[in-house]
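Following: one structure in structure tokens, then a few remarks.
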Amino acid sequence: MVCSQGLLPWCSRKPPCWPQLFLGSAWKRNFTHEIVKKYQRGRKSQKKPSYLGPLDGSWQERLVDIVMPLWRLSYEEQLKATWLGLNVFLFVHAFLSYERDDKYYYTREILGSALAWARASARCLNFNSMLILLPVCRNLLSFLRGTCSFCRCPLRKQLDHNITFHKLVAYMICLHTAIHIIAHLFNFERYSRSRQATDESLASLLSSLSHQEKERDSWLNPIQSPNMTVMYVTFTSIPGLTGVIITIALVLMVTSAMEFIRRSYFEVFWYTHHVFIIYFISLGIHGIGGIVRGQTEESMKESHPHSCAESFKKWDDHDSQCERPQFEGHPAESWKWILAPGILYIFERILRFYRSQQRVVITKVVMHPSKVLELQMNKSGFSMEVGQYIFINCPSISYLEWHPFTLTSAPEEDFFSVHIRAVGDWTENLVKAFEQQHSPIPRIEVDGPFGTVSEDVFQYEVAVLVGAGIGVTPFASILKSIWYKFRHADKNLRTQTIYFYWICRETGAFAWFNDLLASLEQEMEELGKVGFLNYRLFLTGWDSNIAGHAALNFDKATDILTGLRHKTFFGRPVWENEFSTIATTHPKSAVGVFLCGPQTLAKSLRKCCHQFSSLDPRKVQFYFNKENF
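Note that the numbering used here has the sequence shown beginning at 253, numbered continuously upward.
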């Protein structure tokens, strides 16, 4: 709301509007300024902050003290906190329900608190099983990224952390599975102990109800006789058998998804991960057996446990007002949680299959140094944006394996291309298949394209692109698109400066990218925008001969290794110096940092983004973005 002058002609002074009356001095300056000032004051004094604030301080300062912890959290941290909060809420709510509900009073007489632990962990397990498929629905994420209006904000960036969230949910499933198994181990041990007991206790009597009146469905203990073992009940009941299958499937999926196995033996990871189908089918029917039982509503009206539990020895007397309690199995719930995401994922796979069956025409095949294969292709109805990726399948190598590759072509080109480096069994076989000159070109199937964080590169005034090895591929698409935008004088280009860093182990890796960089150099010089593209190439794998040769030819106009005007650096970038220079050159800009590379490099860049971002949001801010497949 904005105050207006002159609305009251008989007033000589401008009346204060309600924000002024409410905010006071904060309205005259800036509420963000209050937060920044408070944050700077807290950093100078090393005292532990008090979120209640001083009693004699202004209300604005006390409000800032409360807002500060939330303000410091990133959107990613806020979403994680929300997810963790929901897990805690569901666990506590289910635990208290089974620990206090009178319906399970008699069940707790046998099982104790292990019942609540088993059911609370089951509730969280169902919740996370509902979420585990959503982050891998690539078409859904692409739809949200490109279509939904609410994704045109910082929340949209969280879509690029889908694999990270998928892993976190998997870890939570493992945690609650372990709790669930341990709790049920205690439950079965207590079932067995109470069934074998002869002390005429309430637990013993409840276990003896087992199957004497089976037609009335009154049993509570699944162990029918003292001679029946826990192992027999586990493998002959639906909950027990499906529980074993779920555990085995989960162990196989988690162990095969370890970084070492996934990088070195991708096929093992790929095939084993599809055990998730067995996992979800078993989870859906896991609760059908109804081993966890509670007293029926009708029985509670006739024989409430609070009034009848103490007189359990008189239940069979004719003059007793309490009858034997009747029990019913807990209805299956897991299928309700996973039904909707399961249907969504089935539609996802159907769409993938339909798109993969569309004909792909390979128009050009180029073999670059360092075992890099370039494929240029055409496909009917294919439309892409910069930085997107596709999944490729080669049926002659494997019918089921699909591998992601970043598009290296620009949207302005009449084809789409990928660069594939031979770094594993599948990629090596693919390169060998295309190297055979006298054999027909292998058939390729393509699914995609799918959106990534690199699509947002043109939303920033300054862009920092960091590629490691073959990780330069998404930036090839970006730089090509920039070249076309300058050729066509695109006035909608918001980006003013680009800093490009490419880190490679060997000189041959630079070869296939040199032509593009040389074209961009010439284009920028002709347009008088030499400072638009600032690139630095770093060679990490070198010997004294290469370094000496480069030193002897340092005075030449072009680099001896790449033929470009910018010289190649030996070693790794000192990121603190690079970020400091960028922050000084662009003191009031939003700088987008984009990485396609290893996690160790991501950690360093994320730290620098936080370190060199100004506390004042009106000044330079670095925003870290990483490619995730």
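Virtual Cβ for every residue (Gly too), placed ideally from N, Cα, C.
- Assignment of beta strand (DSSP E) within the segment 474-547, counting only whole runs of 3 or more residues, yields 545-547 in chain order.
- Across the set F579, V544, R607, G536, the C-alpha of G536 shows the shortest separation from the C-alpha of K588.
- Cβ contact annotation for I693 (same chain, cutoff 6 angstroms, sequence separation greater than five): I614, in chain order.
- The C-alpha of T749 is placed about 37 angstroms away from the C-alpha of R607.
- If you draw a straight line from the Cα of L791 to the Cα of V344, it is about 54 angstroms long.
- In the DSSP assignment, P387 falls outside any beta strand (DSSP E), carrying neither H nor E.
- Three or more Cβ pairs closer than 8 angstroms define a contact, and the segment 535-554 meets that threshold against the segment 347-361.
- Assigned with DSSP and collapsed to three states, V698 falls in strand.
- With contacts defined as CB atoms closer than 8 angstroms, L596 and L411 fail to qualify as a contacting pair.
- If you look at Y358, you'll find it in the alpha helix (DSSP H) that goes 357-363.
- Here the C-alpha atom of L603 lies approximately 28 angstroms from the C-alpha atom of L625.
- In the three-state DSSP reduction, S586 falls in the helix class (H, G or I).
- When C-beta atoms of the segment 366-385 are compared with those of the segment 340-354, three or more pairs fall below 8 angstroms, so the two segments count as touching.
- DSSP places S555 outside both helix and strand once states are collapsed to three, so it counts as coil.
- Within a 10 Å sphere around the beta-carbon of L652 sit fewer than 16 other beta-carbons, which makes this residue exposed.
- Per the C-alpha coordinates, the member of G849, L342, R442 positioned closest to S365 is R442.
- For the pair of segments examined, the segment 687-703 was found to touch the segment 631-642: the number of CB pairs separated by less than 8 angstroms reaches three.
- In the DSSP assignment, H671 forms a beta bridge with E626.
- The shortest C-alpha to C-alpha distance from N414 to any of I475, M480, L461, E328 is the one to E328.
- Contact check for A842 against Y736 fails: the beta carbons are separated by 8 angstroms or more.
- Under the three-state reduction of DSSP output, F710 falls in the helix class.
- Pairing K840 with S866, the inter-Cα distance amounts to about 9 angstroms.
- Around the beta-carbon of M619, fewer than 16 other beta-carbon atoms lie within 10 Å, marking it exposed.
- Between the alpha carbons of Q330 and I500 lies a distance of about 33 angstroms.
- DSSP places L857 in the helix class (H, G or I) of the three-state scheme.
- Within 10 angstroms of the beta-carbon of H740 lie fewer than 16 other beta-carbons, which makes it exposed.
- Rounded to the nearest whole angstrom, the CA to CA distance from Q863 to K332 is 22 angstroms.
- A Cβ-Cβ separation of about 11 angstroms leaves L461 out of contact with L454 under the 8 angstroms criterion.
- Secondary-structure assignment with DSSP links C756 through a beta bridge to L791.
- In terms of Cα proximity to A430, the closest of F752, C376, H556, V698 is C376.
- In chain order, R673 place their CB closer than 6 angstroms to the CB of I722, counting only its own chain and leaving out the 5 sequence neighbours on each side.
- In the three-state reduction of the DSSP assignment, H862 falls in the helix class, which pools H, G and I.
- Where M619 is concerned, there is no enclosing alpha helix (DSSP H), although the beta strand (DSSP E) around it starts and stops at 612-620.
- Between the C-alpha atoms of P478 and T524 there is a straight-line separation of about 40 angstroms.
- DSSP, reduced to helix, strand and coil, places N744 outside both helices and strands of the structure shown, so it counts as coil.
- Restricted to the segment 401-444, not a single beta strand (DSSP E) segment is unbroken, complete and at least 3 residues in length.
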